[in-house]
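Numbering (our numbering), first residue to last: 1419 to 1614.
Heads up, the beta-carbon is just placed ideally off N, CA and C, and yes, glycines get one too.
Since the model is a prediction, treat every value here as computed from it, not as a measurement.
Here is the structure:
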């Protein structure tokens, strides 16, 4: 599962002098690895917003084969890669570099222009966002659902169906876009005075 975001880093790592000379890369300390994880996370976030869950998956994949040694005292618990990634993500969230609420705003704005609440909710669920954030976005989208549905329908079809086949086609299209059947029914029956 190679992501196009990882390509530049992979190409950069090919030109490291230790690889060119056939030497083994030195094992990193946990502090060095944490710094690399943070740099990679910031690089990802500089390109677009990410949900915390999505960013965690990308970082875990990017550093899955990285070996490191712990500099913690013997009495301390052993750090693993997941702990380092969680620490970086917590730091990014505290400094507002990564925000699930901001990510949800962006998704609901972009997807909300073309899709219904059901489709936007599915996308937000797939990104691993908290239920409270998703519920808040669904309340916001519900206020404009009918207007958005009418605009999508008007752009695609512009005229009411004249037979059962056209009615079914338009209904399928609008349902696929995630709009509720109540709103679809009103639009297709011409009850659009509230939407215009």
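Hey, residue 1601 and residue 1569: beta-carbon distance below 9 Å or not?
Looking up residue 1601 in the chain shown gives position 183. Looking up residue 1569 in the chain shown gives position 151. For residue 1601 and residue 1569, no; Cβs fall outside 9 Å.
Just the Cα atoms here: how many angstroms apart are residue 1597 and residue 1487?
For the purposes of this step, residue 1597 is taken as residue 179 along the chain shown, with counting starting at 1. For the purposes of this step, residue 1487 is taken as residue 69 along the chain shown, with counting starting at 1. Looking at the two C-alpha atoms, the distance is approximately 52 Å.
Check each candidate in 1474, 1527 and 1529 and name the one with the smallest Cα separation from residue 1649.
Given a span of 1419 to 1614 for the chain in the structure shown, any question on residue 1649 remains unanswerable.
CB residue 1516 to CB residue 1478, shorter than 9 Å?
Working through the chain shown from its first residue, we reach residue 1516 at position 98. Working through the chain shown from its first residue, we reach residue 1478 at position 60. Contact flag unset, no.
Sorted by chain position, which residues of the same chain lie with C-beta nearer than 7 Å to residue 1462's C-beta, five sequence neighbours on each side aside?
Within the chain shown, the letter at position 44 stands for residue 1462. Within the same chain, residue 1462 has close Cβ partners 1423, 1468, 1473 and 1476.
Return yes when the Cβ of residue 1456 is within less than 9 Å of the Cβ of residue 1509, no when it is not.
Against the chain shown, residue 1509 aligns to sequence position 91. Against the chain shown, residue 1456 aligns to sequence position 38. Taking 9 Å as the Cβ cut-off, residue 1509 and residue 1456 qualify as a contacting pair.
Roughly how many angstroms separate the alpha carbons of residue 1581 and residue 1554, rounded to a whole number?
Counting from one through the chain shown, the residue named residue 1581 turns up at place 163. Counting from one through the chain shown, the residue named residue 1554 turns up at place 136. Cα-Cα distance, rounded: 39 Å.
Grab me the residues of residue 1448's own chain with a C-beta within less than 8 Å of its C-beta, minus the 5 sequence neighbours each way, in chain order.
Taking the first residue of the chain shown as position 1, residue 1448 is located at position 30. If we look at residue 1448 and ignore the five residues flanking it on each side, its Cβ neighbours are 1486, 1487, 1488, 1489, 1490, 1497 and 1502.
Do residue 1533 and residue 1595 have their C-beta atoms closer together than 9 Å?
Here residue 1533 refers to the residue found at position 115 when the chain shown is read from its first residue. Here residue 1595 refers to the residue found at position 177 when the chain shown is read from its first residue. The answer is yes: Cβ separation under 9 Å.
In whole angstroms, give me the CA-to-CA distance for residue 1506 and residue 1584.
Looking up residue 1506 in the chain shown gives position 88. Looking up residue 1584 in the chain shown gives position 166. In a straight line, the C-alpha of residue 1506 is about 53 Å away from that of residue 1584.
Looking at residue 1605: is its Cβ nearer than 9 Å to the Cβ of residue 1567?
If you number the chain shown from 1, residue 1605 lands on position 187. If you number the chain shown from 1, residue 1567 lands on position 149. For residue 1605 and residue 1567, yes; Cβs fall inside 9 Å.
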